[in-house]
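See structure below.
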Amino acid sequence: MSMVRYQPFGLLNQLYREMDNAFGLPGEHAAGDEAVTSDWLPSVDIREEENAFVIHADVPGVDPKDIDIHMENGVLTVKGERETVDEETRKQYRRVERVRGQFYRRFTLPDTADADQITARVDKGVLEVRIPKHARVLPRKIQIEG
């Protein structure tokens with residue numbers, strides 16, 4: 001069983017984001033720093049395996065050198081930028097649907113996450129961040145002297 005920090009408005013904020021996505025809104029109800037500092041938010045899947053947590057984020061068109069990942073105080077931050085088009089080139093477009101600019105995502109991880117062993121790679125526009133878990137500490141019987 002993993003321990004996760006309680007976020008009292010987590011479900012409500014998720015509902016707002018899903019409603020915004022359903023109606024094609026830019027996400028004015030998104031909570032936290034992500035909405036304030038992001039031009040777009042990559043979609044993510046988070047999976048827990050026996051020995052690791054795995055995050056997959058859709059980042060097509062983002063150069064891996066433009067992605068920054070760091071972990072501090074149990075919070076994993078993934079940020080980066082999809083290159084923007086200069087104003088002169090933008091005038092040539094007749095339709096623009098792909099979002100460009102900065103993205104910023106934060107994930108609170110349980111204490112079992114091993115920050116020193118995190119790895120990341122990009123394959124076909126999908127960022128995979130693998131966060132191993134600390135080895136389980138087995139209970140130890142203490143002998144009583146006397």
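Heads up: the sequence shown runs through residues 1 to 146, numbered per the UniProt record's numbering. Glycine included, C-beta positions come from ideal geometry on N, C-alpha and C.
Annotation: R130 is outside any alpha helix (DSSP H); the continuous beta strand (DSSP E) that includes it extends over V126 to P132. Inclusion of L76 and A52 in the CB contact set at 9 Å is not warranted, their separation being larger than that value.
When DSSP reads this structure, Y93 sits in no beta bridge, so it has no partner.
Taking each of E18, K141, H70 and F107 in turn and checking the Cα distance to Q117, the smallest one comes out for H70. Relative to the Cα of T84, the nearest Cα in the group W40, E145 and R136 belongs to W40. With distances taken between CA atoms, V59 lies nearest to F103 out of F103, R130, K141 and I131. Per DSSP, reduced to three states, the secondary structure at Q117 is helical. Residues of the same chain with their beta carbon placed closer than 8 Å to that of R94 are lacking, with the five preceding and five following residues left out of the count. Counting only residues of its own chain and dropping the five nearest sequence neighbours on each side, R82 has a CB closer than 7 Å to the CB of G61, V62, R100 and G101. In the displayed model, T37 falls within a helix according to three-state DSSP. A straight-line Cα-Cα distance of about 42 Å links E50 and V96.
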